[in-house]
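S.K.:
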Amino acid sequence: MREVQKMNKSWMYVILTCLAELVWVYGFNTASLWWHWVLIIGVIIIDFYFLAKACEKLPTGTVYAIFAGVGTVGATAMDVYLFGGSMNIGKTLFIALIMLGVIGLKLADNKEEAGKDMKGAA
1153 MREVQKMNKS
1163 WMYVILTCLA
1173 ELVWVYGFNT
1183 ASLWWHWVLI
1193 IGVIIIDFYF
1203 LAKACEKLPT
1213 GTVYAIFAGV
1223 GTVGATAMDV
1233 YLFGGSMNIG
1243 KTLFIALIML
1253 GVIGLKLADN
1263 KEEAGKDMKG
1273 AA
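Just so you know, we're using my numbering here: the sequence shown kicks off at 1153 and counts up by one.
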């Protein structure tokens, strides 16, 4: 039971690192004063703290894939909806591939964890 709580807490760190990443990516596009950059650096430091905490109990490859996938999809969405960028079929296709890859890694990790649990039950 305690291990499940640690895993759930680790997933909260994954969510926090993804949110923090989107904040600093947005900051890169909007910063114009020196103190904006100080805030962005602070958010980046917090972001990597959350990333490291998430990797303590979860597979690093999965955490990083989610982190990078959310960052890529989020940055693209911000570019289109906040900064006047364009969206085309190519971008849509490759975003879908990123999302499929992240989901595939998560599913593969779940199968591996389930296999470990079954070995302990024997």
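Idealized CB from N, CA, C, for every residue including glycine.
Do three or more CB pairs link the segment 1187-1196 to the segment 1236-1247 at distances below 8 Å?
M.R.: no
S.K.: Just the C-alpha distance for Thr1214 and Leu1257, rounded to the nearest angstrom, thanks.
M.R.: Going from the Cα of Thr1214 to the Cα of Leu1257 covers about 6 Å.
S.K.: Could you tell me whether the Cβ atoms of Gly1223 and Val1177 are closer together than 9 Å?
M.R.: yes
S.K.: At 4 residues or longer, and completely inside the segment 1154-1213: list those alpha helix (DSSP H) runs for me, N to C.
M.R.: 1154-1182, 1186-1209
S.K.: Just to confirm, are Gly1253 and Ala1229 a CB contact at a threshold of 9 Å?
M.R.: no
S.K.: So what's Gly1256 in DSSP terms, helix, strand or just coil?
M.R.: helix
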